[in-house]
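Enquirer:
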Amino acid sequence: MDKKLRKLKDALGNKVIDSIVERKLYSYDATAIPIEHTTPIAVIFPESSQDIEILTSICYEEEIPMVPRGAGSGLTGGATPVVDGSVVVSLERMNNFKVDVDNTTAEVEAGVITSEFQDYVESLGLFYPPDPSSFKYSTIGGNIAENAGGPRCLKYGVTKEYVLGLETYIQDGKFLKTGNPIIKDVAGYDLTRLIVGSEGTLGIVSKAILKLIPKPPHKSTIMGEFDDMSKIGEAVTKIMTSGILPSALEFMDKNSIIAVQKFYPAGILEEAEGVLLIEVDGTRGSVEYELKHIEEILMNLGARVTKAKNKVHEQQLWSSRKNIGPALANIKSGKINEDIVFPRIYLSDALLKINEIAKKYDLVIVNFGHIGDGNLHVNILYDKMSQEELHRAEKAVDEVFELALSYQGSITGEHGVGLTKRRFLEWQFKDIGIRLLKAIKQSFDPKNLYNPGKIL
Ligand SMILES: Cc1cc2nc3c(=O)[nH]c(=O)nc-3n(C[C@H](O)[C@H](O)[C@H](O)COP(=O)(O)OP(=O)(O)OC[C@H]3O[C@@H](n4cnc5c(N)ncnc54)[C@H](O)[C@@H]3O)c2cc1C
């Protein structure tokens, strides 16, 4: 056996697994497009902070690249090893957490499944809002590393708003504790925020201190179906400047509606150019007031309006939005799912330009997403059997990113850079920005062993 592997096994015993089955299973993540990857030499399953300290110090001494991994639900190749001789470090066995109800904070190990944590805190009347659609299986560590978000982030903010502190192993197993269970803390540079969203490239997060807020007692949903796309942008602006902040403001374009209708014929969507799904939460009185106000805005702009009659109906309304992902697989075998961001006011224009890109490359592009915060999921569909179509789709992606940046937007609002967006990061950051990112990486990880090949 390889000397390096022997050293890890001697220190960590059966927490180090090098069977070909595990090595292959942990060599990829949920990224849908073909990406470079290699098979790791082993998968390590730490069960405590001490295990992480041991493995990071051995890996640093022996120069073994480490790829931290939560549930592998990332969409940009973040948890995929690309350097030969790597180990994957799966945090899945680090799944304990402790809630301090009086202080409304929690200490959470990195491998805790997001929805399990959320269900528990909600049973205590508390709320942890970050809601990536993958919440049923993704981990708190993965959410932190990707700074994940979802529909509710319009009102409540993304993961970084809830991370008060972190325990992270950096360099040769050095323990870095940042933050405390306190809301205000302006001492020094904000290292916690630097680690949030760093995609495993600065170190391995073992534990987080998370902020909790009171659970809103009530929520409800209203849907507006539009035959005129230009009215959708107007509706969004009117809602967002009305003094009401919805807990979700989601959009589906015509192609999304067609896909969902085919996939889910018993559904509730009629033919339309676009749909807005809006959720408000708060006290019963405030929810009723806000819904009425939003209903007026939608109707004045000519939308067909449906209000959720009860919880089951509410779920039916949301099922159309939640079914888009699987519905797209019915249309074409391949999809490139980008998650660009525009300042909200430019979204209507941007959607027209994206349709022009679709025409130019003769492709089906399906747009939906979190229109309230400008985060659009642009899904470029292609036939997996056609290299030529994939090539056209890749060219369309380049133009979609150029478009986002030309409107002062971003190449990613949720999925991170990982492997698939490295090239585009340089478009977004100027030279000095990239140099600073590299200098930060160098000071956390001078030997480039934490998730090498990602982001930069
Ligand atoms: C169907 C589907 C829907 C999705 N919807 C959303 C969405 O709505 N919003 C959104 O933001 N994302 C979404 N995602 C993407 C993905 O689920 C999120 O990025 C999620 O946060 C990844 O969590 P994970 O535990 O699976 O992490 P992984 O995929 O295992 O890892 C992601 C990155 O984090 C790093 N990492 C993981 N754990 C640690 C750790 N403990 N310390 C340091 N680095 C670590 C990895 O190295 C990798 O770079 C979706 C994915 C799928 C498949």
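Residues 758 to 1213 in the numbering used here are what the sequence shown lists, from first letter to last. Cβ coordinates follow ideal geometry from the N, Cα and C atoms, glycine included.
1. Would you kindly check if the distance between the Cβ of Val-846 and the Cβ of Ile-811 is under 9 angstroms?
2. Give me whichever residues DSSP pairs with Asp-984 in a beta bridge.
3. Report, in whole angstroms, the separation of the C-beta atoms of Ala-992 and Leu-1058, which I expect to be a contact under 8 angstroms.
4. For Lys-1155, count neighbouring Cβ atoms within 10 angstroms of its own Cβ and tell me buried if that reaches 16, exposed if not.
5. Work out the CA separation of Pro-797 and Asp-759 for me, nearest whole Å.
6. On the three-state DSSP scale, how would you describe Asp-1155?
7. To the nearest angstrom, how far is the alpha carbon of Val-840 from that of Ile-1001?
8. With Glu-982 and Ala-1060 assumed to form a contact (beta carbons below 8 angstroms), what rounded beta-carbon distance in angstroms separates them?
9. Quick one: Cα of Arg-1078 to Cα of Met-1009, how far?
10. Check the DSSP bridge columns for Arg-826 and list the partner residues they point to.
11. Are the Cβ atoms of Phe-892 and Thr-871 separated by less than 9 angstroms?
12. List the residues that DSSP assigns as beta-bridge partners of Ser-977.
13. Leaving out the 5 sequence neighbours to the left and right, which residues in its chain are closer than 7 angstroms to Pro-908 when beta-carbon positions are compared?
14. Which stretch, first to last residue, makes up the alpha helix (DSSP H) that contains Gly-898?
15. With distances taken Cα to Cα, identify the nearest neighbour of Thr-1235 among Gly-834, Lys-766, Ile-961.
16. I'd like to confirm the pairing. Which residues does DSSP put opposite Gly-906 in its beta bridges?
17. Kindly indicate which three-state DSSP category Pro-1083 falls into: helix, strand or coil?
18. Given this structure, state the Cα-to-Cα distance separating Asn-1205 from Ala-768, to the nearest angstrom.
19. Measure how close the beta-carbons of Val-1044 and Glu-1095 come, nearest whole angstrom, since I'm counting them as under 8 angstroms.
20. Do Ile-901 and ligand 1 come close, with the Cβ less than 8 angstroms from some heavy atom?
21. My understanding is that Ile-809 touches Ile-961, with C-beta atoms under 8 angstroms, so please give their C-beta distance in whole angstroms.
22. Tell me the rounded alpha-carbon separation between Trp-1075 and Asn-1112.
23. Looking only at its chain, what residues have a beta carbon closer than 7 angstroms to the beta carbon of Arg-1181, apart from the 5 residues adjacent to it on each side?
24. Could you check whether Lys-1110 and Leu-1162 sit closer than 9 angstroms to each other, using their CB atoms as the reference points?
25. With respect to the beta strand (DSSP E) encompassing Ser-1013, which residues constitute its N-terminal and C-terminal limits?
26. Could you tell me which residues DSSP puts in a beta bridge with Pro-886?
27. Among Lys-772, Leu-933, Gly-930, Asn-1132, which has the Cα closest to the Cα of Gly-906?
28. Would Asn-937 be called buried (16 or more neighbouring beta carbons within 10 Å of its own) or exposed?
29. Keeping to the same chain, check which residues put their C-beta closer than 8 angstroms to that of His-1050; ignore five residues upstream and five downstream.
30. Here's the rule: buried if 16 or more other CB atoms are within 10 angstroms of the residue's CB, otherwise exposed. What is Arg-780?
31. For Tyr-1139 versus Ile-1093, is the C-beta spacing smaller than 9 angstroms?
32. Could you pull the DSSP bridge partners for Arg-1179 from this structure?
33. Alpha helix (DSSP H) containing Tyr-1103: first to last residue?
34. Regarding Thr-896 and ligand 1, is the C-beta to nearest heavy atom distance less than 8 angstroms?
35. Identify which residue in Lys-766, Lys-1066, Pro-1209 has its Cα closest to the Cα of Thr-978.
36. Once the 5 residues before and after Leu-948 are set aside, which same chain residues still bring their CB inside 6 angstroms of it?
Expert: Walking through what the data contain:
1. No, the Cβ-Cβ distance between Ile-811 and Val-846 is not below 9 angstroms.
2. Paired residues: none, contrary to the question.
3. Between Ala-992 and Leu-1058, the beta carbon gap of about 5 angstroms places them in contact (Cβ cut-off 8 angstroms).
4. Here residue 1155 is Asp; the residue named in the question, Lys, does not match the sequence. Classification of Asp-1155: exposed, given that the 10 Å Cβ count is below 16.
5. Looking at the backbone, the Cα of Asp-759 and that of Pro-797 are separated by about 13 angstroms.
6. Looking at Asp-1155 - three-state DSSP - the assignment turns out to be helix.
7. In this structure, the alpha-carbon of Val-840 lies about 49 angstroms from that of Ile-1001.
8. With 8 angstroms as the limit, Glu-982 and Ala-1060 qualify as a contact, their Cβ atoms being about 6 angstroms apart.
9. Near 7 angstroms, if we compare the C-alpha coordinates of Met-1009 and Arg-1078.
10. According to DSSP, which records beta bridges pairwise, Arg-826 is partnered with Ser-847.
11. Closer than 9 angstroms, so yes.
12. Beta-bridge pairing links Ser-977 to Val-1037.
13. Asp-888, Ala-1005, Glu-1007, His-1127, listed in sequence order.
14. First-last of the alpha helix (DSSP H) with Gly-898: 897-903.
15. One cannot answer for residue 1235 here, as it falls past the ends of the chain, which runs 758 to 1213.
16. In the DSSP secondary-structure assignment, Gly-906 is not bridged to any residue.
17. Three-state result, Pro-1083: helix.
18. If I take the Cα positions, the gap works out to 23 angstroms.
19. Not quite, the Cβ-Cβ distance comes to about 34 angstroms (not below 8 angstroms), so this is no contact.
20. For Ile-901, the shortest separation between its Cβ and any heavy atom of ligand 1 lies below 8 angstroms.
21. So it is a contact: roughly 6 angstroms between Cβ atoms.
22. One alpha carbon belongs to Trp-1075, the other to Asn-1112, and they sit about 25 angstroms apart.
23. Going by the sequence as given, residue 1181 is Phe instead of Arg. Here the set comprises Phe-1158, Ile-1168.
24. For Leu-1162 and Lys-1110, no; Cβs fall outside 9 angstroms.
25. Per DSSP, Ser-1013 belongs to no beta strand (DSSP E); it is in the alpha helix (DSSP H), 1011-1020.
26. Within the DSSP bridge table, the entry for Pro-886 names no partner.
27. Of Lys-772, Leu-933, Gly-930, Asn-1132, the smallest CA-CA separation from Gly-906 is found for Asn-1132.
28. Exposed.
29. Answer for His-1050: Ser-999, Ile-1001, listed in chain order.
30. Buried, by the Cβ-count rule.
31. Taking 9 angstroms as the Cβ cut-off, Tyr-1139 and Ile-1093 qualify as a contacting pair.
32. Note: Arg-1179 sits in no beta bridge, so no partner.
33. No alpha helix (DSSP H) holds Tyr-1103; DSSP gives it neither H nor E.
34. Yes, the beta carbon of Thr-896 sits closer than 8 angstroms to at least one heavy atom of ligand 1.
35. Nearest in C-alpha terms to Thr-978, of all of Lys-766, Lys-1066, Pro-1209, is Lys-1066.
36. Sequence-distant partners of Leu-948 (beyond 5 residues in either direction) whose C-beta falls short of 6 angstroms from its own C-beta, in its chain, are Thr-935.
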